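Scroll down for the structure; my scribbles are underneath it.
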């Protein structure tokens, strides 16, 4: 009887593992992937090769490439700028990229029209991430750890709030876009009002070093730490905990229901899925042989992983 139970468990575990490894599609992108965004039935992929690749969510076909102009670096060489972040809203695309003299450019595209919201030659800002709050306003995070709400029509910031003296890492909006949760090299999770930039009390930190990425959904915050800690914050209960990994955690993604977090769990493409309620690992997967730069849930039963080898993979998950 014991042998039978063990055999059944092995077959179940093997089937679950194989199922967890099921790849639906692998996409070759224009360069090393720095950011991924979903919107308008499309997948937007920012690369370090001056390009944003746009794929269809339905059949994964390449719909369009947005190529940014070259710039002149400190040495006078003409180079292709890195794209730091991409975001989409109602047909509009927001692109943050490397600019002149170490500053940033922020582009807004609407159809075939492309305009600069922030020009590195005139506005010396180090924008690292920008997202739409709505069709008329954009939230931007600076390397200086200032977060600002930019009015597109007025072409100016409604406010610029200094969060802390530590370098900015990442931010994410609450589901209703009334709050923004940010992280920096201190490991602390900060919260401020999107409408007026007022800072709310910090969360009691579970990370003790730089937080590379932060994600929010359904009153859950998750953080990816240099200290090898995956941080989890439950806003309503005010409980928090962390899971320690064998390697620093560069990227993660939280499911829409806030129940599952996928995170980088090794330096050679390894990633894991954690059930937050039980605090147990659901499965371990692997994508390529380089660190993962982006992980995100895609609908209810898919996961996207991206790496520095220009490969984006869509995984099929059956719950």
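In the working numbering, the protein residues as written are 1 to 319.
Ideal placement from N, C-alpha and C gives every residue a C-beta, glycine not left out.
The structure displayed is predicted, hence computed values, not measured ones.
Per-residue burial, residue i [other beta carbons within 10 Å of its own, 16 or more giving buried]
i: residue 129; result: buried
i: residue 17; result: At residue 17, the pLDDT of 42 sits below 50, so the modelled position is not reliable; the number obtained from the coordinates is stated separately. Exposed.
i: residue 121; result: exposed
i: residue 67; result: exposed
i: residue 33; result: buried
i: residue 115; result: exposed
i: residue 299; result: exposed
i: residue 113; result: exposed
i: residue 237; result: exposed
i: residue 201; result: exposed
i: residue 135; result: exposed
i: residue 87; result: buried
i: residue 315; result: buried
i: residue 81; result: buried
i: residue 317; result: buried
i: residue 23; result: exposed
i: residue 76; result: exposed
i: residue 276; result: buried
i: residue 49; result: buried
i: residue 281; result: exposed
i: residue 303; result: buried
i: residue 301; result: exposed
Anticipated Cβ contact below 8 angstroms, residue i with residue j, distance rounded
i: residue 220; j: residue 258; result: 4 angstroms
i: residue 172; j: residue 181; result: 6 angstroms
i: residue 283; j: residue 305; result: The Cβ separation is near 13 angstroms, so there is no contact.
i: residue 133; j: residue 177; result: 6 angstroms
i: residue 94; j: residue 71; result: No, residue 94 and residue 71 are not in contact; Cβ-Cβ is about 19 angstroms, not under 8 angstroms.
i: residue 147; j: residue 192; result: 7 angstroms
i: residue 274; j: residue 230; result: 7 angstroms
i: residue 310; j: residue 31; result: 6 angstroms
i: residue 170; j: residue 213; result: 5 angstroms
Option nearest residue i by Cα separation, candidates the options
i: residue 289; options: 308, 301, 283, 42; result: 308
i: residue 64; options: 105, 206, 44; result: 44
i: residue 279; options: 100, 215, 312, 240; result: 240
i: residue 218; options: 261, 134, 201; result: 261
i: residue 124; options: 84, 165, 108, 142; result: 142
i: residue 196; options: 31, 162, 228; result: 162
i: residue 211; options: 99, 185, 190; result: 185
i: residue 194; options: 150, 205, 315; result: 150
i: residue 206; options: 170, 177, 243, 50; result: 243
i: residue 47; options: 56, 77, 26, 83; result: 83
i: residue 79; options: 310, 250, 269, 51; result: 51
i: residue 69; options: 100, 62, 75; result: 100
i: residue 156; options: 188, 118, 291; result: 118
i: residue 105; options: 85, 91, 92; result: 85
i: residue 291; options: 24, 154, 160, 269; result: 269
i: residue 320; options: 98, 187, 293; result: As displayed, the chain neither begins before 1 nor continues past 319, which places residue 320 out of reach and without an answer.
i: residue 160; options: 170, 139, 153; result: 139
i: residue 38; options: 131, 154, 26, 285; result: 131
Distance CB(residue i)-CB(residue j) smaller than 8 angstroms
i: residue 263; j: residue 252; result: yes
i: residue 297; j: residue 266; result: no
i: residue 144; j: residue 168; result: yes
i: residue 96; j: residue 312; result: no
i: residue 367; j: residue 59; result: Because the chain in this structure spans residues 1 to 319, residue 367 falls outside the shown range and cannot be described.
i: residue 208; j: residue 215; result: no
i: residue 254; j: residue 224; result: no
i: residue 42; j: residue 56; result: yes
i: residue 89; j: residue 126; result: no
i: residue 166; j: residue 203; result: no
i: residue 91; j: residue 73; result: no
Residue i CB to nearest heavy atom of the ligand NAD below 7 angstroms
i: residue 140; result: Annotation note on the ligand NAD: not contained in the displayed structure, which lists no ligands.
Every unbroken beta strand (DSSP E) within the stretch 195-273, with a cutoff of 3 residues, ordered by chain | 211-217, 220-225, 229-234, 239-244, 252-254, 260-264
Runs of beta strand (DSSP E) wholly within the stretch 62-136 (minimum 3 residues, chain order) | 62-67, 83-89, 92-98, 104-110, 113-118, 127-134
Which runs of the beta strand (DSSP E) spanning at least 3 residues fall entirely within the stretch 26-66, listed in chain order?
-> 33-39, 42-47, 51-56
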